[in-house]
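Visitor: Questions regarding the structure given below will be posed in turn.
There are 2 protein chains.
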Amino acid sequence: MRWVGLLLMAGESVMCAHEGAEHSASGLVVAETACVAPGVWRLRFGVPEAFTPDRLRERPPETGGFTGLPEADAPPFELGGIWCRVTPSRTVVYVPCDEPDDTIYGFGLDPTCYQQKGLRKRLTVAASVIGQTGASHGPVPFYLSTRGYGVYVDTARVPLVHAARLTPKSAATKGRSDTARPETSEQALYAAAHPEGLPEVVFDLPGNSSGVDVFVFAGPTLREAVQRYNLFSGGGCMPPMWGLGMKYRTYTRADQERVLAHARGLRAHGIPADMFGLEPGWHTKAYSCSFVWSEERFPAPQEMLDALRGMGLKVNLWEHAYIHPTSPMFEDLVQRSGDYLVWGGLVVDFADPEASRIFADYHDEHLVSMGVAGFKADECDRQPISDCTPFNYPYCSSFPSGIDGDQMTQLYGYLYQRSIYSVYKKRNQRTWGDVRATTALAAPLPFCLYSDAYGFDEYLRQLLNASFTGLLWSPEVRAAGSYEEYLNRIALSSFAPQMCVDAWFIPNPLWRQYDRGKNERDELLSKEEEARVAGRMREIAGLRMQLLPYLYASFHRYRTTGLPPVRSLLLDFPDDAALREIDDAFLFGDALLVAPFLGTSTTREVYLPKGAEWIGFHTGERIAGGATVTAEGRPGDVPLYVRDNRLLPLADPVEYVAADTVFDITVRVYGEAPAPFVLIEDDGESFDYQRGVYNTVELSWANGEGKVLRQGGYDGARYRVVGWTR
Amino acid sequence: MRWVGLLLMAGESVMCAHEGAEHSASGLVVAETACVAPGVWRLRFGVPEAFTPDRLRERPPETGGFTGLPEADAPPFELGGIWCRVTPSRTVVYVPCDEPDDTIYGFGLDPTCYQQKGLRKRLTVAASVIGQTGASHGPVPFYLSTRGYGVYVDTARVPLVHAARLTPKSAATKGRSDTARPETSEQALYAAAHPEGLPEVVFDLPGNSSGVDVFVFAGPTLREAVQRYNLFSGGGCMPPMWGLGMKYRTYTRADQERVLAHARGLRAHGIPADMFGLEPGWHTKAYSCSFVWSEERFPAPQEMLDALRGMGLKVNLWEHAYIHPTSPMFEDLVQRSGDYLVWGGLVVDFADPEASRIFADYHDEHLVSMGVAGFKADECDRQPISDCTPFNYPYCSSFPSGIDGDQMTQLYGYLYQRSIYSVYKKRNQRTWGDVRATTALAAPLPFCLYSDAYGFDEYLRQLLNASFTGLLWSPEVRAAGSYEEYLNRIALSSFAPQMCVDAWFIPNPLWRQYDRGKNERDELLSKEEEARVAGRMREIAGLRMQLLPYLYASFHRYRTTGLPPVRSLLLDFPDDAALREIDDAFLFGDALLVAPFLGTSTTREVYLPKGAEWIGFHTGERIAGGATVTAEGRPGDVPLYVRDNRLLPLADPVEYVAADTVFDITVRVYGEAPAPFVLIEDDGESFDYQRGVYNTVELSWANGEGKVLRQGGYDGARYRVVGWTR
């Protein structure tokens, strides 16, 4: 047992052991502070717990990416202002938040609120919203201040966060030296602890009786703080190129024939699609899962997979990590799982590397070997306490690895992703998956979050909030009550990190009927109507395919510089205070502002940020920053605005990305002095780019002429620039 | 530091210190078991925490009361089946619950559910309901099994309880010796821990890293288990006799003149009332509170109090224990309070006896000395996490006494009551108060819980659930949408432990207008309508006054034998399985079954328990047990059924109980061989009864003749038996 000496602020000393700590009466500990990356400081209070996102991280920090960021020699604020109590029941971290006009963003995927100041958050993984508490599929104890920094508390406990909403007692006694005079040194500590009674962001970590690491990320603005956080996480993920096309998930009870019929339908209508998802019905047992093909529905799965591959479709399989007793994995995992069953299945102890390996190896040998390109990791979230359905293992679960049940519920989705991802890394094959829960430091993992939230406002808020904390969000299109709503949903999804139509409860293809009830009753659209719907889907997905090389380059920047490809406007325009409230528009890459139509509407107001001029993508109209304009269009159109002085590469749309696809690119030139744009060219599906096997294709425009500069170690050519337009 | 040796089941040893514990990997500890009262066993796991209901109890167990109970030499089940893990993050208690047809009741005041088996409870003090989680004004970690026993886990943490709803892994591996075979001794422990994969009631106590006492209460039936629990708590409370009359709380903005006018109105209409409550407006500051009379509204408070006393009304003052900076208590409490303010006021560290004394002394000297007879301790509950109003201090609060913030939120109402109660005990004067939160072992405290729940079903469920766990519930009548609803509410309240009309937001007296909006707009009833309403109120409260001696005797049994005066039918008829679902009728004393009309209805079905015959109180109709009958009546009537072979003493109604009130009693005789009934006679307001200064007045009936046997040490006579009727 190694002992670490810590100093109490009042000069008393306390000793902390690696396993558990002795506690002083006040619990106050001082930090060991270290600069762990450029502009990133770690404050270590006590002895951090063994199971945290940092300790179970996917990748080391992406140190190379920091070089492009502004230098940050000094912390963004006095780090001594952060203090911590470690007691037998909890660890509490206090971060100053005393600027009245400061606002706060982050805390993960919360669909209910954008600004976080003044709220009480309980950052638990949850399948549904609980007020504005941050209960979500991606709760993250990381926040950003508009003063231009970020703070991350590295924990897998369920943090209760009081975001500048508590009033310390010292606020009432301030200036009253007679009453505020402490009677004991213990009271002196408390007085020192809430200086001046000013607001703080308080992280209460129940069950952590040991200590915690707190990380502070410099700016100078929110954008760089986000980049530093993502780079510290290991950099963003790099999807395969095909992952940027459309994903169509089909009916859960579909059999092999129906699967193939739906896939052929996509192709017959020329609707671009790269991925085809199978839902629970492919298992012999689901809820819990067998991970074995149902012979009844899928007598020849390899044949079907080959046929889908022949249509250019990568297959994604639904599953969850609760192992049915009939699963071949059961025997190997029974001693490496929690002490309670979920839906009668084992809860895998993913914190045990051997359990994770067993799970991965099964996927490798039995599913990925057949050609399965990705997985949808469902149900790794948690029902809220008010719902009594028999969903989850309890917080008091035990696991052989020693991870606590509450920590496991927070980390299950994250560790599950890591297990799946390990299969593909070993094969030097990129994957692109879906996941229902994740946590902090998740940026390197190539999975998109999805949820049951279905309001347009929730879609958008999650899209924006995700960009603050290293998450990717995939708003699913499942069904719609009208033609207008259906097309607007598809259109919004086409500008998300992943475009996904999830028709899991819809027996007939969605383009034959978007209304759920009618679809179930086989009340299908007329041929003309179907052609109209499919035509619009083709156009909408087609526009995404046109933007695919541009998006792929944006993801590469996410990978190497930590800048999210789809993000809040606040990150690029930190000085425009009007944006602090605007959560219904976002950036898609560097050049495009996206302001989707909501619900069934085909008109809306769009605020264009100050600090740039903007050109309507469809209209060509030039608009000054700071103005609000009215956008109009057809259902399924998306009001788009291009930032002035940008180049926008547009590809001729393809139906899907094949290994040998070459994109014909027309470059749109906006403004007189456009910044160069760098496309990324590689095989699009292996990890070879990590050892330099890729090209940068720099597009630039000067003196009325476009230039293409290709550099790098990749032999092939993905892009052919066929024209330049103004 | 004293060390206590504990044995691990597998033979490893672990040492637990009084302050904190070292933990084995599994955390398993074995109990030290002791029989602490007849039919009450304590299992001590590890080292219990310092702040628990048992350690902060109001009274020692009422040992004398156990003598009347059946002997219980052996525990109701094998206590070795209860096991416990103590880890650095939590203590977990597992209690077998493996009888398929067993049902479970208890867990406190939950208004949403009656049966508890299969539910997930989070027993937090809360101002409003959260699903069926047990969040309530009186969460109690005590439950009853229909097998005839009770289990109490002594904690002030917020327990997460899984009531026989989790499936241990061993359920899947049962009989599969190949897979269930443990590889390590640690796994052997786990296998032993969930024997046979059967359901358990699991108490997860987050933040308790030290240990816990578990108490088991023998039956043989639920009734005796409840009695043992209440006797162990110290016995039930004994209200002053006047506490059993009606309480009328008046408009919060009323001034002295309006208060007196409303009081005179009660008397002018002859509506029985014993208590008159003032709401926040009496303070110079409320939210937080000053505890100083507002000169503006109350220029002569002593005069007003004397005038109310002259009308026979005991005054009850609203307050909450958050101390405004202008309060005279502020200076004395500032160093004895938590580190955060609530509504700008101090949170009193009631776990510090000196803080509790300061708070009590102020009440004694400044308010009780003026003649204030009781207090309404409001807002000591807590807003649920989903509500972001700035209600409460956080779980991570610190207090000088060392109590944790989460423990304090669970105990605040309980300790608050104890402080107030101490004032009256010192004065040898009983009190009767209202409180918004309490916890386990609260039976001795003379306070009734109230809440904002306003559905008739919630009223009734709380009334019943309260009786399982030593709580008293006072369903408030605030306003109503119709004449029928208003009278039915009043009527239901008249059969609760406390009858209370709380008109705090109603400017004019409720009998002048029960509709809130109209009352606020001064749209009052006509004189005739008013007379009709007041007349019905007089009748309804009058019936309660007729039953007052009967109720007073029932409370005395609560005090001495632990049997709740108002209670679930299950307690008296444990063998009638039909009652397990019936939560809309209850017992009022031993003889009366109460089945109130719900909402605006004036008819309902009533199930009469097997094992007795019943006689309609109003109709005289004789009904066999096990039958369901249809009751009908006017709005404000309450269907009542008298158990056969009981004596029911009815007093001539008085408007209020004075020190010298003598009740003229007519005894109703039901059946051929009625059991004797014992009235309790004393001064009705001091604690002298505790040293024998009271009489038992035994009423009996034999051979067509009634007999009165008065015995005891009280000189006066409260009751004059004036007649016997059949």
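So the protein sequences, as listed, match chains U and X.
Counted from 1, the first sequence has number 676 at position 676 by the numbering used here; the numbering is strictly sequential.
If you want the numbering used here, it's the position in the second sequence, counting the first as 1, plus 726.
Ideal Cβ placement from N, Cα and C applies to all residues, glycine included.
On the DSSP letters alone, give me the boundaries of the beta strand (DSSP E) that U/P139 sits inside.
Guide: 139 to 145
Visitor: Do the segment 417 to 429 of chain U and the segment 351 to 362 of chain U make contact, defined as three or more Cβ pairs closer than 8 Å?
Guide: yes
Visitor: U/V93 and U/T439 - do their beta-carbons sit closer together than 9 Å?
Guide: For U/T439 and U/V93, no; Cβs fall outside 9 Å.
Visitor: Which word fits X/V1448, buried or exposed, when buried means at least 16 other C-beta atoms lie within 10 angstroms of its C-beta?
Guide: exposed
Visitor: Using a threshold of 9 Å, state whether the C-beta atoms of X/S752 and U/R85 are closer than that.
Guide: no
Visitor: Give the straight-line distance between the Cα atoms of U/T179 and U/T167, rounded to the nearest whole angstrom.
Guide: Residue placement at U/T179 cannot be trusted, given a pLDDT of 42 that sits under 50; what the coordinates show is reported in the next sentence. About 17 Å.
Visitor: On the three-state DSSP scale, how would you describe U/E316?
Guide: Position check: residue 316 of chain U holds Asn in this sequence, whereas Glu was assumed. In the displayed model, U/N316 falls within a strand according to three-state DSSP.
Visitor: What three-state label does DSSP hand X/A1103 in the structure shown?
Guide: DSSP places X/A1103 within a strand segment (E or B) once states are collapsed to three.
Visitor: Can we say the segment 1234 to 1244 of chain X touches the segment 1195 to 1211 of chain X, given the rule of at least three CB pairs closer than 8 Å?
Guide: Touching, yes.
Visitor: Please check if any C-beta of chain U sits within less than 9 Å of the C-beta of X/T1326.
Guide: no
Visitor: For U/P182, which of helix, strand or coil comes out of DSSP?
Guide: In this prediction, U/P182 scores a pLDDT of 41, lower than 50, which makes its location untrustworthy; the coordinate-derived value is nonetheless stated afterwards. Looking at U/P182 - three-state DSSP - the assignment turns out to be coil, as it is neither helix nor strand.
Visitor: Looking at the unbroken alpha helix (DSSP H) that takes in X/A1260, where does it start and where does it end?
Guide: 1253 to 1272
Visitor: Name, please, each residue of chain X whose Cβ falls closer than 7 Å to the Cβ of U/L341.
Guide: T893, K895, A897, A898
Visitor: Of all the CB atoms in chain U, is at least one closer than 9 Å to the CB of X/G1449?
Guide: False, the Cβ-Cβ gap to chain U never drops below 9 Å.
Visitor: Would you please state the rounded distance, in angstroms, between the beta carbons of U/D452 and U/K376? I believe it to be under 8 Å.
Guide: Cβ atoms of U/D452 and U/K376 stay farther apart than 8 Å, at about 14 Å.
Visitor: For a contact meaning CB atoms closer than 7 Å, what does X/P1051 contact in chain U?
Guide: A172
Visitor: Please state the DSSP three-state secondary structure of U/R710.
Guide: The answer is strand: DSSP assigns U/R710 an E or B state.
Visitor: Under a three-way DSSP split, which group does X/E758 fall into?
Guide: strand
Visitor: Between U/T250, U/I665, U/L278, which lies nearest to U/Q546 when the distance is taken from Cα to Cα?
Guide: U/I665
Visitor: Would you check if the segment 534 to 548 of chain U and the segment 703 to 723 of chain U touch, i.e. whether three or more CB-CB distances between them fall below 8 Å?
Guide: no
Visitor: Should U/P328 be labelled buried (16 or more other beta-carbon atoms within 10 Å of its own) or exposed?
Guide: exposed
Visitor: Could you give the distance in angstroms between the alpha-carbon of U/C448 and the alpha-carbon of X/V855?
Guide: 34 Å
Visitor: Could you run through the segment 25 to 44 of chain U and flag, in chain order, every residue whose CB is less than 9 Å away from some CB of chain X?
Guide: Result list: A25, S26, G27.
Visitor: At the level of alpha carbons, what is the spacing between X/C1226 and X/M1263?
Guide: 12 Å
Visitor: Would you kindly work out how many angstroms separate the C-alpha atoms of X/G1439 and X/D1409, rounded to a whole number?
Guide: Taking the straight line from one Cα to the other gives about 11 Å.
Visitor: X/G1159 by DSSP, collapsed to three states: which one?
Guide: strand
Visitor: Would you give the residue range spanned by the beta strand (DSSP E) that U/I665 belongs to?
Guide: Taken as a continuous stretch (DSSP letters only), the beta strand (DSSP E) holding U/I665 covers 663 to 670.
Visitor: Our contact map puts X/R1153 next to X/V1094 with C-beta atoms below 8 Å; I'd like the distance itself, whole angstroms only.
Guide: In this structure X/R1153 is in contact with X/V1094, their Cβ atoms being roughly 7 Å apart against a cut-off of 8 Å.
Visitor: So which residues on chain X does U/A346 lean against when the C-beta distance must stay under 8 Å?
Guide: As written in the sequence, residue 346 of chain U is Leu, which differs from the Ala given in the question. Ordered by position in chain X, the residues that pass the 8 Å Cβ test against U/L346 are K895, A898.
Visitor: Which one or two residues does DSSP pair with U/F276 in a beta bridge?
Guide: U/Y248, U/V315
Visitor: Can you list, in chain order, the residues of its chain with a C-beta nearer than 7 Å to that of X/A1033? Leave out the 5 residues immediately preceding and following it.
Guide: L986
Visitor: If you compare alpha carbons, which of X/V1018, X/V1423, X/C839, X/H863 is closest to X/L857?
Guide: A quick correction: the sequence has Gly, not Leu, at residue 857 of chain X. For the residues X/V1018, X/V1423, X/C839, X/H863, the minimum Cα distance to X/G857 belongs to X/C839.
Visitor: Measuring straight from C-alpha to C-alpha, what distance separates X/L1197 and X/H888?
Guide: Linking X/L1197 to X/H888 through their CA atoms gives a straight-line distance of about 22 Å.
Visitor: Do you know offhand how far X/L915's Cα is from U/K285's?
Guide: Caution is warranted here: a pLDDT of 49 is assigned to X/L915, below 50, making its placement in the model unreliable, and no coordinate value can be reported.
Visitor: Taking just the CA atoms, how far does U/R532 sit from U/S474?
Guide: 25 Å
Visitor: On the DSSP bridge assignment, give the partners of X/A1428 in chain order.
Guide: X/E1431
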